[in-house]
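Have a look at the structure below before the remarks.
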Amino acid sequence: MIRILPLSRYITIVLLLVCSSLSLAATSSVPQREDIDPKYKWKLEDMYPDINAWEHDFTVLQNNYHRLEAFKGHLGDSADKLLACLKLRDSLELIGDNLYVYAYLRLDEDNRVSASQEIAERISSLWSRVNEVLSFIRPELLSLGREKLESFLSSNQELALYRFYLEDLLRQKRHILSEKEEAILALAGPVASAPSRIFNMVNDADITFGTITDENGNEIALTRERYYRILESPDRRLRREANRGYKRAHERYMNTLAATLAASVKRDYFYMKARGYNSCLELALDDDSIPVSVFYNLIDAVDKNLAPLHKWTALRKKIMGYD
4 MIRILPLSRY ITIVLLLVCS SLSLAATSSV PQREDIDPKY KWKLEDMYPD INAWEHDFTV
64 LQNNYHRLEA FKGHLGDSAD KLLACLKLRD SLELIGDNLY VYAYLRLDED NRVSASQEIA
124 ERISSLWSRV NEVLSFIRPE LLSLGREKLE SFLSSNQELA LYRFYLEDLL RQKRHILSEK
184 EEAILALAGP VASAPSRIFN MVNDADITFG TITDENGNEI ALTRERYYRI LESPDRRLRR
244 EANRGYKRAH ERYMNTLAAT LAASVKRDYF YMKARGYNSC LELALDDDSI PVSVFYNLID
304 AVDKNLAPLH KWTALRKKIM GYD
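Throughout the sequence shown, residue numbering follows the working numbering, covering 4 to 326 in sequence.
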(Lines of atoms letter the chains of each structure in order from A and count residues from 1; the text may use other names and numbers.)
(Lines give C-alpha, C1' and ligand atoms only; values in the text may rest on other atoms or scores of the structure.)
Protein backbone atom coordinates (compact mmCIF):
# COMPACT_ATOMS: atom_id res chain seq x y z
CA MET A 1 0.00 0.00 0.00
CA ILE A 2 1.41 3.38 -1.02
CA ARG A 3 0.67 6.02 1.55
CA ILE A 4 -0.15 9.25 -0.24
CA LEU A 5 -0.85 12.11 2.08
CA PRO A 6 -2.92 14.85 0.48
CA LEU A 7 -3.86 16.35 3.86
CA SER A 8 -0.81 18.60 4.03
CA ARG A 9 -1.51 19.91 0.54
CA TYR A 10 -5.12 20.72 1.47
CA ILE A 11 -4.11 22.51 4.64
CA THR A 12 -1.49 24.50 2.72
CA ILE A 13 -4.18 25.65 0.27
CA VAL A 14 -6.44 26.65 3.16
CA LEU A 15 -3.57 28.61 4.71
CA LEU A 16 -2.99 30.40 1.42
CA LEU A 17 -6.64 31.36 1.21
CA VAL A 18 -6.63 32.66 4.78
CA CYS A 19 -3.48 34.66 4.21
CA SER A 20 -4.86 36.11 0.96
CA SER A 21 -6.92 38.51 3.03
CA LEU A 22 -3.71 40.22 4.17
CA SER A 23 -2.65 43.31 2.24
CA LEU A 24 0.54 43.22 0.22
CA ALA A 25 3.46 44.93 1.89
CA ALA A 26 5.00 47.76 -0.08
CA THR A 27 8.36 46.05 -0.12
CA SER A 28 10.25 43.58 -2.25
CA SER A 29 10.93 41.36 0.77
CA VAL A 30 9.01 38.16 1.42
CA PRO A 31 7.84 37.72 5.03
CA GLN A 32 9.32 34.67 6.71
CA ARG A 33 7.31 32.30 8.82
CA GLU A 34 8.52 33.86 12.07
CA ASP A 35 7.12 37.21 10.87
CA ILE A 36 3.58 35.86 10.45
CA ASP A 37 0.95 36.31 13.14
CA PRO A 38 0.57 33.02 15.05
CA LYS A 39 -3.19 33.02 14.40
CA TYR A 40 -2.44 32.26 10.73
CA LYS A 41 -0.27 29.23 11.54
CA TRP A 42 -1.36 25.68 12.28
CA LYS A 43 -0.60 24.42 15.78
CA LEU A 44 1.45 21.27 15.37
CA GLU A 45 2.03 21.22 19.11
CA ASP A 46 -1.54 19.97 19.39
CA MET A 47 -0.24 16.76 17.79
CA TYR A 48 3.17 16.59 19.44
CA PRO A 49 4.30 19.19 22.00
CA ASP A 50 7.89 18.89 20.76
CA ILE A 51 10.14 16.76 18.59
CA ASN A 52 10.99 14.52 21.55
CA ALA A 53 7.34 13.41 21.76
CA TRP A 54 7.44 12.65 18.03
CA GLU A 55 10.64 10.65 18.51
CA HIS A 56 8.95 8.67 21.29
CA ASP A 57 6.11 7.57 19.00
CA PHE A 58 8.60 6.87 16.22
CA THR A 59 10.43 4.48 18.55
CA VAL A 60 7.16 2.87 19.61
CA LEU A 61 6.23 2.16 15.99
CA GLN A 62 9.74 1.03 15.12
CA ASN A 63 9.83 -1.42 18.04
CA ASN A 64 6.32 -2.83 17.68
CA TYR A 65 5.40 -3.26 14.03
CA HIS A 66 7.17 -6.65 13.91
CA ARG A 67 4.55 -7.96 16.36
CA LEU A 68 2.24 -8.31 13.35
CA GLU A 69 4.42 -11.13 12.03
CA ALA A 70 3.11 -13.41 14.80
CA PHE A 71 -0.27 -13.44 13.01
CA LYS A 72 1.15 -14.47 9.66
CA GLY A 73 -0.41 -17.77 8.59
CA HIS A 74 -2.86 -17.71 11.50
CA LEU A 75 -5.62 -15.31 10.43
CA GLY A 76 -7.87 -18.25 9.66
CA ASP A 77 -7.37 -19.87 13.08
CA SER A 78 -10.28 -18.05 14.67
CA ALA A 79 -12.36 -14.89 14.61
CA ASP A 80 -10.60 -13.75 17.78
CA LYS A 81 -7.20 -14.12 16.16
CA LEU A 82 -8.31 -12.13 13.14
CA LEU A 83 -9.77 -9.40 15.35
CA ALA A 84 -6.58 -9.15 17.40
CA CYS A 85 -4.50 -8.75 14.24
CA LEU A 86 -6.73 -6.03 12.80
CA LYS A 87 -6.79 -4.16 16.11
CA LEU A 88 -3.00 -4.22 16.36
CA ARG A 89 -2.71 -3.09 12.75
CA ASP A 90 -5.09 -0.20 13.43
CA SER A 91 -3.22 0.92 16.54
CA LEU A 92 0.10 0.93 14.70
CA GLU A 93 -1.36 2.69 11.66
CA LEU A 94 -2.80 5.39 13.91
CA ILE A 95 0.64 6.07 15.35
CA GLY A 96 2.13 6.00 11.86
CA ASP A 97 -0.48 8.40 10.50
CA ASN A 98 0.22 10.88 13.30
CA LEU A 99 3.95 10.65 12.70
CA TYR A 100 3.49 11.07 8.96
CA VAL A 101 1.09 14.01 9.16
CA TYR A 102 3.23 15.86 11.69
CA ALA A 103 6.46 15.32 9.75
CA TYR A 104 5.07 16.46 6.42
CA LEU A 105 3.20 19.44 7.87
CA ARG A 106 6.43 20.44 9.56
CA LEU A 107 8.14 20.12 6.18
CA ASP A 108 5.41 22.22 4.56
CA GLU A 109 6.24 25.06 6.94
CA ASP A 110 9.54 25.47 5.07
CA ASN A 111 10.83 22.83 2.68
CA ARG A 112 14.32 24.28 2.97
CA VAL A 113 14.79 23.19 6.60
CA SER A 114 17.03 20.11 6.66
CA ALA A 115 15.71 18.89 10.04
CA SER A 116 12.18 18.80 8.62
CA GLN A 117 13.41 17.01 5.51
CA GLU A 118 15.09 14.44 7.74
CA ILE A 119 12.05 13.47 9.83
CA ALA A 120 9.88 13.30 6.70
CA GLU A 121 12.33 10.92 5.06
CA ARG A 122 12.64 8.84 8.24
CA ILE A 123 8.91 8.24 8.63
CA SER A 124 8.56 7.59 4.90
CA SER A 125 11.25 4.91 5.11
CA LEU A 126 9.83 3.37 8.28
CA TRP A 127 6.31 3.37 6.85
CA SER A 128 7.58 1.44 3.85
CA ARG A 129 8.96 -1.25 6.19
CA VAL A 130 5.68 -1.32 8.13
CA ASN A 131 3.76 -1.81 4.88
CA GLU A 132 6.12 -4.63 3.95
CA VAL A 133 5.13 -6.46 7.15
CA LEU A 134 1.46 -5.60 6.63
CA SER A 135 1.53 -6.99 3.10
CA PHE A 136 0.55 -10.53 4.17
CA ILE A 137 -2.82 -9.48 5.59
CA ARG A 138 -4.86 -8.85 2.45
CA PRO A 139 -3.70 -11.91 0.46
CA GLU A 140 -4.17 -14.15 3.49
CA LEU A 141 -7.66 -12.82 4.19
CA LEU A 142 -8.66 -13.41 0.57
CA SER A 143 -7.35 -16.97 0.78
CA LEU A 144 -9.90 -17.66 3.54
CA GLY A 145 -12.80 -17.09 1.17
CA ARG A 146 -16.09 -15.26 1.61
CA GLU A 147 -17.83 -18.09 3.46
CA LYS A 148 -15.23 -18.33 6.23
CA LEU A 149 -15.04 -14.58 6.63
CA GLU A 150 -18.83 -14.45 6.95
CA SER A 151 -18.72 -17.13 9.62
CA PHE A 152 -16.12 -15.11 11.55
CA LEU A 153 -18.31 -12.00 11.30
CA SER A 154 -21.27 -13.98 12.63
CA SER A 155 -19.36 -15.50 15.53
CA ASN A 156 -17.66 -12.34 16.80
CA GLN A 157 -19.72 -9.17 17.13
CA GLU A 158 -16.64 -6.96 17.44
CA LEU A 159 -15.61 -7.94 13.94
CA ALA A 160 -18.68 -6.13 12.61
CA LEU A 161 -16.53 -3.00 12.72
CA TYR A 162 -14.51 -4.50 9.87
CA ARG A 163 -17.38 -5.72 7.71
CA PHE A 164 -17.03 -2.97 5.13
CA TYR A 165 -13.25 -3.43 5.02
CA LEU A 166 -13.63 -7.17 4.39
CA GLU A 167 -16.38 -6.75 1.79
CA ASP A 168 -14.38 -4.09 -0.03
CA LEU A 169 -11.35 -6.37 0.07
CA LEU A 170 -13.35 -9.11 -1.64
CA ARG A 171 -14.48 -6.58 -4.26
CA GLN A 172 -10.87 -5.80 -5.13
CA LYS A 173 -9.73 -9.42 -5.05
CA ARG A 174 -8.50 -9.63 -8.65
CA HIS A 175 -6.16 -6.66 -8.11
CA ILE A 176 -4.54 -7.90 -4.90
CA LEU A 177 -1.35 -9.84 -5.50
CA SER A 178 0.43 -12.59 -3.64
CA GLU A 179 2.07 -11.91 -0.30
CA LYS A 180 5.54 -11.75 -1.85
CA GLU A 181 4.41 -9.43 -4.63
CA GLU A 182 2.58 -7.16 -2.21
CA ALA A 183 5.73 -6.96 -0.06
CA ILE A 184 7.77 -5.88 -3.09
CA LEU A 185 5.25 -3.17 -3.94
CA ALA A 186 5.34 -1.96 -0.34
CA LEU A 187 9.14 -1.70 -0.43
CA ALA A 188 8.84 0.38 -3.61
CA GLY A 189 6.86 3.04 -1.73
CA PRO A 190 9.68 5.56 -1.14
CA VAL A 191 10.83 5.19 -4.76
CA ALA A 192 7.29 5.63 -6.07
CA SER A 193 6.79 8.80 -4.06
CA ALA A 194 10.02 10.36 -5.36
CA PRO A 195 8.40 12.33 -8.24
CA SER A 196 6.05 14.10 -5.84
CA ARG A 197 8.87 14.82 -3.35
CA ILE A 198 11.09 16.24 -6.10
CA PHE A 199 8.25 18.42 -7.40
CA ASN A 200 7.51 19.73 -3.90
CA MET A 201 11.15 20.65 -3.34
CA VAL A 202 11.24 22.58 -6.62
CA ASN A 203 7.82 24.13 -6.14
CA ASP A 204 8.03 24.98 -2.44
CA ALA A 205 11.74 25.43 -1.75
CA ASP A 206 13.78 26.31 -4.83
CA ILE A 207 11.52 28.38 -7.07
CA THR A 208 11.45 32.19 -6.91
CA PHE A 209 9.12 34.47 -8.89
CA GLY A 210 11.04 37.73 -9.07
CA THR A 211 9.53 41.15 -8.43
CA ILE A 212 6.65 43.13 -9.94
CA THR A 213 5.14 46.58 -9.48
CA ASP A 214 1.89 46.66 -7.50
CA GLU A 215 -1.16 48.95 -7.88
CA ASN A 216 0.59 51.74 -5.94
CA GLY A 217 3.82 51.66 -7.93
CA ASN A 218 5.74 49.78 -5.24
CA GLU A 219 8.11 46.97 -6.17
CA ILE A 220 7.12 43.75 -4.41
CA ALA A 221 8.45 40.22 -4.44
CA LEU A 222 6.00 37.95 -6.19
CA THR A 223 5.09 34.89 -4.16
CA ARG A 224 2.52 32.15 -4.71
CA GLU A 225 0.19 33.61 -2.09
CA ARG A 226 0.49 37.09 -3.57
CA TYR A 227 -0.03 35.73 -7.07
CA TYR A 228 -3.39 34.18 -6.15
CA ARG A 229 -4.47 37.39 -4.45
CA ILE A 230 -3.43 39.48 -7.45
CA LEU A 231 -5.60 37.31 -9.72
CA GLU A 232 -8.58 38.93 -7.97
CA SER A 233 -7.28 42.46 -8.54
CA PRO A 234 -9.23 44.77 -10.91
CA ASP A 235 -5.88 46.01 -12.28
CA ARG A 236 -5.38 44.15 -15.58
CA ARG A 237 -1.78 45.34 -15.91
CA LEU A 238 -0.95 43.92 -12.49
CA ARG A 239 -2.67 40.61 -13.23
CA ARG A 240 -0.81 40.28 -16.54
CA GLU A 241 2.55 41.10 -14.98
CA ALA A 242 2.00 38.64 -12.13
CA ASN A 243 0.89 35.93 -14.54
CA ARG A 244 3.92 36.36 -16.74
CA GLY A 245 6.30 36.37 -13.77
CA TYR A 246 4.66 33.25 -12.36
CA LYS A 247 4.93 31.38 -15.65
CA ARG A 248 8.49 32.49 -16.35
CA ALA A 249 9.58 31.15 -12.96
CA HIS A 250 8.20 27.71 -13.80
CA GLU A 251 9.70 27.83 -17.29
CA ARG A 252 13.16 28.06 -15.71
CA TYR A 253 12.56 24.58 -14.29
CA MET A 254 10.82 23.28 -17.40
CA ASN A 255 13.10 20.30 -18.00
CA THR A 256 13.12 19.25 -14.34
CA LEU A 257 9.34 19.53 -14.06
CA ALA A 258 8.85 17.62 -17.33
CA ALA A 259 11.12 14.81 -16.15
CA THR A 260 9.31 14.70 -12.80
CA LEU A 261 5.93 14.51 -14.50
CA ALA A 262 7.18 11.76 -16.80
CA ALA A 263 8.41 9.78 -13.78
CA SER A 264 5.03 10.23 -12.11
CA VAL A 265 3.21 8.92 -15.18
CA LYS A 266 5.55 5.93 -15.36
CA ARG A 267 4.89 5.20 -11.67
CA ASP A 268 1.14 5.18 -12.28
CA TYR A 269 1.59 2.94 -15.32
CA PHE A 270 3.74 0.55 -13.29
CA TYR A 271 1.08 0.12 -10.59
CA MET A 272 -1.65 -0.14 -13.20
CA LYS A 273 0.14 -3.03 -14.92
CA ALA A 274 1.26 -4.67 -11.67
CA ARG A 275 -2.27 -4.76 -10.26
CA GLY A 276 -3.98 -5.71 -13.50
CA TYR A 277 -6.06 -2.62 -14.19
CA ASN A 278 -7.08 -1.59 -17.68
CA SER A 279 -6.00 2.02 -17.24
CA CYS A 280 -4.41 4.40 -14.76
CA LEU A 281 -7.79 6.10 -14.45
CA GLU A 282 -9.40 2.83 -13.39
CA LEU A 283 -6.62 2.34 -10.84
CA ALA A 284 -7.11 5.85 -9.43
CA LEU A 285 -10.89 5.43 -9.04
CA ASP A 286 -11.08 1.86 -7.81
CA ASP A 287 -10.18 2.51 -4.16
CA ASP A 288 -13.38 4.55 -3.91
CA SER A 289 -15.33 2.05 -6.03
CA ILE A 290 -16.09 4.67 -8.68
CA PRO A 291 -16.78 3.32 -12.20
CA VAL A 292 -14.75 4.90 -14.99
CA SER A 293 -18.05 5.73 -16.70
CA VAL A 294 -18.83 8.25 -13.94
CA PHE A 295 -15.67 10.19 -14.77
CA TYR A 296 -16.48 10.38 -18.47
CA ASN A 297 -20.15 11.17 -17.83
CA LEU A 298 -19.09 14.22 -15.83
CA ILE A 299 -16.94 15.43 -18.73
CA ASP A 300 -19.76 14.78 -21.22
CA ALA A 301 -22.24 16.68 -19.04
CA VAL A 302 -19.96 19.73 -18.99
CA ASP A 303 -19.20 19.55 -22.71
CA LYS A 304 -22.90 19.43 -23.55
CA ASN A 305 -23.73 22.45 -21.39
CA LEU A 306 -21.08 25.00 -22.27
CA ALA A 307 -23.51 27.43 -23.95
CA PRO A 308 -24.50 29.25 -20.71
CA LEU A 309 -20.82 29.72 -19.82
CA HIS A 310 -20.03 31.12 -23.26
CA LYS A 311 -23.05 33.43 -23.07
CA TRP A 312 -21.99 34.69 -19.64
CA THR A 313 -18.40 35.28 -20.84
CA ALA A 314 -19.59 37.18 -23.92
CA LEU A 315 -21.87 39.34 -21.76
CA ARG A 316 -19.03 40.12 -19.36
CA LYS A 317 -16.77 41.07 -22.25
CA LYS A 318 -19.41 43.40 -23.66
CA ILE A 319 -20.21 45.10 -20.36
CA MET A 320 -16.52 45.63 -19.54
CA GLY A 321 -15.78 46.93 -23.04
CA TYR A 322 -13.01 44.48 -23.92
CA ASP A 323 -12.23 43.10 -27.35
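Note that CB positions come from ideal geometry on N, CA and C, so glycine has one too. Treat the numbers as computed from the prediction; the structure is a model and nothing was measured.
Nearest residue (CA-CA) to residue i, options the options
| i | options | result |
| --- | --- | --- |
| A163 | D40, D83 and N203 | D83 |
| L145 | R255, I302, L85 and E235 | L85 |
| T226 | M204, A252 and R243 | A252 |
| R92 | K75, E37 and A106 | K75 |
| E228 | N246, L156, G324 and T62 | N246 |
| G148 | W130, L169, Q160 and V136 | L169 |
Three-way DSSP call (helix, strand, coil) for residue i in this model
| i | result |
| --- | --- |
| E218 | coil |
| A262 | helix |
| I179 | coil |
| A191 | coil |
| I293 | coil |
| I223 | strand |
| S131 | helix |
| W57 | helix |
| I39 | coil |
| N281 | coil |
| E328 | Because the chain here runs from 4 to 326, residue 328 falls outside it and cannot be looked at. |
| D306 | helix |
| P52 | coil |
| D326 | coil |
Nearest-angstrom Cβ-Cβ length linking residue i and residue j, presumed shorter than 8 Å
| i | j | result |
| --- | --- | --- |
| S138 | E72 | About 11 Å; that fails the 8 Å criterion. |
| V133 | G79 | Their Cβ separation, rounded to whole angstroms, is 23 Å, which puts V133 and G79 out of contact at 8 Å. |
| Y165 | L89 | 6 Å |
Residue interval of the alpha helix (DSSP H) (run including residue i)
| i | result |
| --- | --- |
| N246 | R239 to E254 |
| G76 | Per DSSP, G76 belongs to no alpha helix (DSSP H) and is neither H nor E. |
| K314 | A310 to M323 |
| E112 | A82 to E112 |
| F155 | I140 to S158 |
| E170 | R166 to R174 |
| F202 | A197 to M204 |
Counting Cβ pairs, one atom from each stretch, are 3 or more of them under 8 Å apart for the segment 123 to 138 and the segment 192 to 200? yes
I'd like to know if the segment 220 to 232 and the segment 289 to 303 are in contact, where contact means that at least 3 CB-CB pairs between them fall below 8 Å. no
Between the segment 166 to 182 and the segment 272 to 289, are three or more C-beta pairs nearer than 8 Å? yes
Taking contact to mean at least 3 C-beta pairs separated by less than 8 Å, is the segment 243 to 257 in contact with the segment 202 to 214? yes
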